[in-house]
Amino acid sequence: MRHESWRTVRSDVLMTTIRTREPRELLALIPYQLGFVPSESAVAVALRRDRSRVGLVARVDLADLADAAGGHDLARSLVGHLLADGATSAVLVLYTAGSSEHGTAGTAGTAERAVAAFDAEAAPVLGDIAVWLVGPTGYRAVGCTDPRCCPPGGRPLSDLQSTQVGAHMVMAGRNVVATRQDLVTVAPAPAPARRAARRAAERWAAHLSAGAEPATAHRWRRAGLAAWRHDVDALAADPGAMVEPVRLGRHLASLGDVLVRDAVLLGLVPGCARLADRVVAGYSGEEVGRALGAIIDPVSGIAPDPTLLDPARRLLEQVDAHAPRSRRAPALTLLGLVSWWEGDGARAGVYVERAMAAQEEYRLAVLVDTTLRAGMPPGWLRARSA
55 MRHESWRTVR
65 SDVLMTTIRT
75 REPRELLALI
85 PYQLGFVPSE
95 SAVAVALRRD
105 RSRVGLVARV
115 DLADLADAAG
125 GHDLARSLVG
135 HLLADGATSA
145 VLVLYTAGSS
155 EHGTAGTAGT
165 AERAVAAFDA
175 EAAPVLGDIA
185 VWLVGPTGYR
195 AVGCTDPRCC
205 PPGGRPLSDL
215 QSTQVGAHMV
225 MAGRNVVATR
235 QDLVTVAPAP
245 APARRAARRA
255 AERWAAHLSA
265 GAEPATAHRW
275 RRAGLAAWRH
285 DVDALAADPG
295 AMVEPVRLGR
305 HLASLGDVLV
315 RDAVLLGLVP
325 GCARLADRVV
335 AGYSGEEVGR
345 ALGAIIDPVS
355 GIAPDPTLLD
365 PARRLLEQVD
375 AHAPRSRRAP
385 ALTLLGLVSW
395 WEGDGARAGV
405 YVERAMAAQE
415 EYRLAVLVDT
425 TLRAGMPPGW
435 LRARSA
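Quick note, the sequence shown lines up with residues 55 to 440 if you use our numbering.
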């Protein structure tokens, strides 16, 4: 169970006021906020300033919110995030392909249970909650019995395609993909390139045997970090460049080492290049904690620098495209962590799921997954919401 429960960076593009009396504008906004069209989902939306400004958008699986054992705990967590975001009211939107006799959706009353769980936690602190259902052919207000407002089968989904929000997003160049998984579309490299990368990774990893002398290990890690920086700089200068498979194989082996991986991560924090050099030498003192605070701490947290992140992300994507399954976890996890730092919880979740599919107990992936499950945003977004 994971909830992507914060506004993405992209949400700040839209500053239009949307009121609950304009439900189609709000419903049109949600996929743009998430980046994908939800399915079998419950989406809670924070409304601020006398029900006028859209804030946090939080998505959970519909079945999880309806679950008899954990649904109320999940609802309580969602409401806590809404309140922390400054909500004065909220809207709950259900996305499902099913329907019940009341038009509220879901097999065996799934949607009714989800609504009940959320309302039980939200109503005491946020008042009456407007609930909307979006089905495969239409949308409607749950509980509405006025056929002029909510005709049988709901209002047509085409209404959501001709909105001010939609027009604004199109002009801003914003896109929505069909499913959550489509947020991540790194295609595998051709088989010969992947074989070359795999062989290079094996050769490079062989230089760091289990019994390597500390000085040998340090030289190996320092060389791996230097190679990484070289290729990041090349991609910063030419974003469309393709790194040679042999070099990508070297990165596969280097990222498999925890110290090199952590140095690569710290190198994404402004001003921490020299600290990264110390990390590959084995340093793990207080400065590392302060550097990580730039990512996670709501007091010292800062927004990521695209000039550092973008070329590193491109290199990580190329590394992953050439990686055999057994070596995918480090690059995928770093891509997930970077996405989380940018405020894109949904994309981060996809990356982390794939990392854990490759290596279930990969520790950093487990930590990022735990963060996502808790709905904790990066430090700079928490500070902005305070």
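Ideal placement from N, C-alpha and C gives every residue a C-beta, glycine not left out.
In the three-state scheme derived from DSSP, where H, G and I count as helix and E and B as strand, Ala165 is classed as helix. When C-alpha distances from Pro365 are compared across Ala241, Arg315, Ala288 and Val196, the shortest belongs to Ala288.
With contacts defined as CB atoms closer than 9 Å, Val97 and Gly109 fail to qualify as a contacting pair.
Restricted to the segment 71-114, the alpha helix (DSSP H) segments that are unbroken, complete and at least 4 residues in length are 77-88, listed in chain order. Contact between the segment 164-178 and the segment 117-125 is established, with three or more Cβ pairs separated by less than 8 Å. Counting along the chain, the unbroken beta strand (DSSP E) around Ala144 starts and ends at Ser143 to Tyr149. For Cys326, the number of other beta carbons within 10 angstroms of its own is at least 16, and it is reported as buried.
The Cβ atoms of Ala151 and Gly189 lie closer than 9 Å to each other. Of the other Cβ atoms in all chains shown, fewer than 16 fall within 10 Å of the Cβ of Glu415; this residue is therefore exposed. As computed with DSSP, Pro352 is found in no beta bridge at all. In the DSSP annotation of this structure, Gly152 is not part of any beta strand (DSSP E), being labelled neither H nor E. For the segment 284-330, there is no continuous beta strand (DSSP E) assignment of 3+ residues that stays within its boundaries. Assignment of Ala377 by DSSP, reduced to helix, strand and coil, places it in the coil class.
In this structure His284 is exposed. Its beta-carbon is surrounded by fewer than 16 other beta-carbon atoms within 10 angstroms. Leu101 and Leu80 have their alpha carbons spaced roughly 11 Å apart.
Only buried fits Cys204, as 16 or more other CB atoms lie within 10 angstroms of its CB. Between Leu132 and Ala112, the alpha-carbon positions lie close to 7 Å from each other. The Cβ atoms of Arg103 and Thr164 lie no closer than 9 Å to each other. In the DSSP assignment, Leu187 falls within the beta strand (DSSP E) that extends over Ala184 to Val188. Secondary structure note for Ala195: its beta strand (DSSP E) is the uninterrupted segment Gly192 to Ala195.
Val312 and Trp282 do not touch by the CB rule: their CB atoms are close to 14 Å apart, not below 8 Å.
Contact between the segment 227-238 and the segment 292-299 is absent: fewer than 3 CB-CB pairs across the two stretches fall below 8 Å. Per DSSP, Met410 is one residue of the alpha helix (DSSP H) stretching across Gly399 to Ala412.
By the criterion of at least three beta-carbon pairs nearer than 8 Å, the segment 242-256 is not in contact with the segment 218-228. Between Ala254 and Arg315, the CB-CB gap reaches or exceeds 9 Å. Non-local C-beta neighbours of Pro85 in its own chain, meaning closer than 8 Å and more than five positions away in sequence, comprise Val91, Pro92 and Val230, ordered along the chain. At the C-beta level, Arg252 and Gly303 come within 9 Å of one another.
Taking 8 Å as the upper bound for CB-CB distance, Arg408 and Leu386 are in contact here, some 5 Å apart. The continuous alpha helix (DSSP H) containing Leu116 extends over residues Leu116 to Ala120. Residue pairing for Val231: DSSP places it in a beta bridge opposite Phe90. For Ala266, same chain residues with a beta-carbon under 8 Å away, outside a window of 5 residues either side, are Trp274 in chain order. The beta carbon of Arg379 sits closer than 7 Å to the beta carbons of Ala412 from its chain, once the five residues preceding and following it are set aside; these are given in chain order. Ranking Leu128, Arg130, Val114 and Gly124 by CA distance to the CA of Tyr149 puts Val114 first. In the structure shown, Arg202 falls within a coil segment according to DSSP collapsed to helix, strand and coil. Straight-line spacing of the CA atoms in Asp127 and His135 works out to 13 Å. For the pair Leu388 and Arg276, the Cα-to-Cα distance works out to about 19 Å.
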